[in-house]
Amino acid sequence: MKAQLGQVGIWLALVSALLGMTLLIVDLLRRRRGYAPFTTLNGRLLVPVILVGAVLATIAMQWALITHDFSIAYVAENNASVTPLIYSITGMWSALEGSILLWGLVLSCFLVAVVWRYRRHVDDEVVGWATAVMMFVAAFFFALMAGPANPFITTGSVIPSSGAGPNALLQNNPLVAIHPPLLYAGMVGFTVPFAFAIAMLITGRVREGWHIDTRRWALIAWTSLSVGIVLGAWWSYQVLGWGGFWGWDPVENAALMPWLCGTAFVHSIVVEERRGLLRVWNLSLAVATFSLTVLATFFTRSGVVQSVHAFSASSLGTIIIVFFAFIVLGSLGLIAWRGDQLRSPVGIDAAFSREGAFVLNNLLFVGFAVVVLLGTVFPLLYQAINNNTVTVGAPYFNSIAVPLGIGLLTLMAIAPVLSWRHATLQVVARRLQFPMLLGTGLVAVLVAAGVRGFFPLAGFFLGAVAASSAVRSIVVEFRGERQRGRTGLGAFIGRSGGGMIVHLGVVILAVGIVASTSYVTRGEIILHPNQTVTFAGHQFEYQGLRVIDTSVKQTTQAVIRVDNGGIFTPGISQYAGRASEPVGSPAIDSAFIGDVYLTFDAMGTQGGTSGAQAGNGLTPESVAIGVIVEPLLPWLWIGGLVIGLGGLLAFVPHRRRLDAETSAPEPAEVSAS
1 MKAQLGQVGI WLALVSALLG MTLLIVDLLR RRRGYAPFTT LNGRLLVPVI LVGAVLATIA
61 MQWALITHDF SIAYVAENNA SVTPLIYSIT GMWSALEGSI LLWGLVLSCF LVAVVWRYRR
121 HVDDEVVGWA TAVMMFVAAF FFALMAGPAN PFITTGSVIP SSGAGPNALL QNNPLVAIHP
181 PLLYAGMVGF TVPFAFAIAM LITGRVREGW HIDTRRWALI AWTSLSVGIV LGAWWSYQVL
241 GWGGFWGWDP VENAALMPWL CGTAFVHSIV VEERRGLLRV WNLSLAVATF SLTVLATFFT
301 RSGVVQSVHA FSASSLGTII IVFFAFIVLG SLGLIAWRGD QLRSPVGIDA AFSREGAFVL
361 NNLLFVGFAV VVLLGTVFPL LYQAINNNTV TVGAPYFNSI AVPLGIGLLT LMAIAPVLSW
421 RHATLQVVAR RLQFPMLLGT GLVAVLVAAG VRGFFPLAGF FLGAVAASSA VRSIVVEFRG
481 ERQRGRTGLG AFIGRSGGGM IVHLGVVILA VGIVASTSYV TRGEIILHPN QTVTFAGHQF
541 EYQGLRVIDT SVKQTTQAVI RVDNGGIFTP GISQYAGRAS EPVGSPAIDS AFIGDVYLTF
601 DAMGTQGGTS GAQAGNGLTP ESVAIGVIVE PLLPWLWIGG LVIGLGGLLA FVPHRRRLDA
661 ETSAPEPAEV SAS
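Position one of the sequence shown corresponds to residue 1 (full-length UniProt numbering), numbered consecutively onward.
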């Protein structure tokens with residue numbers, strides 16, 4: 001029953017997407033030849049049917065997971081009778097086929113949102129082509145589910161009594177319920193700017209105001225992807241037990257690359273809106289960002305990369321890479337075809353200006369994306385050519401990330417005080433006077449307190465300047481809105497206020513990264529019962545072992561009192577069902593000034609040798625505890641929260657801009673011939 005319902009949902013969505021796309025394209029081509037429209041509305045009416053199909057398939061999958069229906073192979077492989085409810089629900093995106101179902105569901109929601117948003121523009125060619133492009137993308141993913149990535153294949157006549165259960169790493173932290181859906185919303189959301197970019201290229205209407213709405217859709221996607229990436233870093237930090245939050249893993253890089261290009265896009269589109277510049281660049285960025293999300297699906301679902309985040313090997317790699325090549329080559333062909341219409345009649349008046357800063361910002365973000373792409377793809381190309389393996393590790397990425405990060409912080413400090421068209425050094429110096437004094441004072445205090453290191457101190461200085469520059473812009477915006485009669489939260493709503501709050505969040509996050517990575521202290525201590533050991537300025541008292549046995553897992557915990565205060569219990573768990581290695585469960589003493597991160601490395605009964613900080617080996621009653629002290633690391637999560645808030649505020653249309661848009665006349669259609 002559940003498998004049949006799921007199959008019906010997938011085929012309903014696939015047929016509706018193909019039929020709706022065909023009806024739209026036929027009607028749009030007929031209108032080009034002067035015929036009266038007759039199918040555009042009908043094609044659009046199939047969009048809700050696509051969502052109905054996706055919802056039916058999702059309900060069937062969730063029903064099967066929650067009721068542990070092991071007649072469905074996907075459930076048998078990723079669920080068990082003892083799997084808790086929350087991890088049964090999240091099991092839908094814990095493996096390849098279910099993750100594509102989530103992708104299709106999110107894309108269907110965006111499709112319905114686009115049709116609803118432009119319901120008063122039914123006859124507009126740009127909206128019609130954009131909808132058709134999104135239907136094409138939806139058809140591709142539902143075709144995968146109807147074919148090689150079918151999540152509703154049955155186990156046959158022999159139904160197992162229980163399943164293998166989820167991967168142990170995917171059932172020991174509730175963040176798995178939030179992080180993937182937000183990440184998918186971000187990745188899938190960039191389909192909308194891509195679809196409108198293709199629609200504008202097909203129709204030739206590249207000089208109209210569609211870029212304004214495109215930026216709003218990009219902001220939704222960018223905010224979701226930003227928060228999703230930060231939550232993914234938090235999950236990695238909470239679960240994997242290595243004390244880090246970003247390892248330059250190929251799948252992590254796959255999410256970072258569209259974020260970098262998407263960040264460049266939401267900045268550069270402002271230049272086109274204000275000055276009519278960078279049309280080719282912006283269309284290329286919209287295409288590149290979406291293309292990189294498709295490439296990310298290749299990395300995670302093809303089995304070509306080894307990653308804790310990747311799914312198992314599958315036959316989808318070739319199909320996805322062909323789709324990726326079609327998207328890239330087709331888009332480049334359209335851009336070349338419309339090349340003459342994309343040229344801007346004017347250029348940037350002066351490099352030292354707001355638009356000049358935006359261009360440099362874009363070059364840094366896109367350059368960083370290219371560096372990450374090369375570092376991620378090079379091992380695959382090397383292996384394909386030489387039949388040998390090579391690894392590109394964190395040192396390569398960090399060697400580029402640090403100077404680029406310094407450059408971006410510098411731009412964040414200066415750009416908000418620059419004027420459009422041309423900025424004078426005297427005005428900029430006056431506006432930066434207080435931020436520079438604040439940054440200099442902070443560095444002086446830190447040096448006096450014994451803080452050393454050129455790059456960390458440069459990061460703190462630029463962070464202080466950028467933060468105060470953002471606060472200055474927020475205050476100026478707030479005062480202006482108060483003079484117009486807007487108070488409270490309403491004064492912060494809009495692109496300027498929300499954007500500067502995002503900048504503030506990025507600075508907070510950057511300072512957390514700089515402090516936690518530059519001044520981290522790692523070690524291992526051997527603790528005997530009721531013994532207190534001091535390490536890195538903290539006291540650790542071992543109070544014994546605790547064993548917790550449930551139907552899901554068996555956990556052995558070391559009970560540790562930290563600094564004569566709270567009790568923390570790092571542990572090692574063995575999960576039932578799926579055969580797997582024991583999984584560590586770190587314990588974190590988190591405070592505003594930093595974290596003390598504890599891992600249960602070994603018990604005395606297992607033998608072993610002492611760590612660097614221990615003078616003696618393990619005895620039968622002792623434990624080895626890994627300790628990592630990371631200053632200001634919680635600032636990463638605070639910064640991510642502020643970024644999410646700022647992104648939401650930036651998305652909401654400003655009242656003045658909304659009034660201007662609703663009162664403006666409809667743009668004249670430009671001939672596509």
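We put the beta carbon where it would ideally sit given N, CA and C, even for glycine.
Bridge pairing for Thr-517: absent [DSSP].
Put simply, of Gln-341, Thr-300, Ala-350, Leu-295 the residue whose alpha carbon is nearest the alpha carbon of Phe-326 is Leu-295. By the C-beta density criterion, Trp-116 is exposed, having fewer than 16 other C-beta atoms within 10 angstroms. One thing to note: Phe-194 has its Cβ no nearer than 8 Å to the Cβ of Ala-264. Membership of Phe-142 in the alpha helix (DSSP H) is indicated by the continuous run 125-146. Taking the C-beta atoms as reference points, Ala-199 is found no nearer than 8 Å to Ala-17. In this structure Met-500 is buried. Its beta-carbon is surrounded by 16 or more other beta-carbon atoms within 10 angstroms. In the three-state reduction of the DSSP assignment, Thr-532 falls in the strand class, which pools E and B. Taking C-beta separations shorter than 7 Å and ignoring five residues to either side along the sequence, the partners of Ile-212 in its chain run Glu-273, following chain order.
Taking the Cα positions, Ser-353 is about 6 Å away from Leu-418. Nearest to Ile-153 by alpha-carbon distance, out of Gly-566, Ser-622, Gly-6, is Gly-6. Taken through DSSP and simplified to helix, strand or coil, Arg-207 comes out as coil.
It is roughly 44 Å from the alpha-carbon of Gly-646 to the alpha-carbon of Arg-546. Secondary structure note for Asp-27: its alpha helix (DSSP H) is the uninterrupted segment 2-32. For Thr-556, the enclosing beta strand (DSSP E) has its first and last residue at 553-562. Excluding sequence positions up to five before and after Ser-71, its CB lies within less than 6 Å of the CB of Thr-154, Thr-155, Ile-159, all in the same chain and listed in chain order. Of all C-beta pairs linking the region 221-230 to the region 314-323, fewer than three are shorter than 8 Å, placing the two stretches out of contact. Rounded to the nearest angstrom, the Cβ distance from Ser-315 to Pro-181 is 26 Å, too far for a contact under 8 Å. When secondary structure is reduced to three states using DSSP, Ala-591 falls in the strand class. For His-422, no pairing in a beta bridge is given by DSSP. According to DSSP, residue pairing for Thr-154 in a beta bridge involves Ile-72. In this structure, Leu-425 is the residue among Leu-425, Thr-391, Ser-302, Asn-388 with its C-alpha nearest to the C-alpha of Ala-350. With fewer than three CB-CB distances shorter than 8 Å, the region 550-560 does not count as touching the region 528-535. DSSP places Leu-342 in the helix class (H, G or I) of the three-state scheme. The continuous alpha helix (DSSP H) containing Pro-395 extends over residues 394-414. The region 85-100 makes contact with the region 169-180; the number of CB pairs closer than 8 Å reaches 3 or more. A distance below 6 Å between beta-carbons, with the five flanking residues on each side excluded, links Pro-416 to the following residues of its chain, in chain order: Ser-469, Ser-473. Contact between the region 430-437 and the region 384-404 is absent: fewer than 3 CB-CB pairs across the two stretches fall below 8 Å. It is roughly 26 Å from the alpha-carbon of Gly-407 to the alpha-carbon of Gly-276.
Between the region 589-598 and the region 617-630, the count of Cβ pairs shorter than 8 Å is three or higher; the stretches touch. Across the set Leu-446, Thr-410, Ser-573, the C-alpha of Thr-410 shows the shortest separation from the C-alpha of Ala-466.
In the DSSP assignment, Ala-624 falls within the beta strand (DSSP E) that extends over 623-631. Between Ala-221 and Gly-262, the C-beta spacing is below 8 Å. For Phe-358, no pairing in a beta bridge is given by DSSP. Leu-545: member of the beta strand (DSSP E) spanning 538-549, first to last residue. DSSP lists Ala-624 as the bridge partner or partners of Ala-602.
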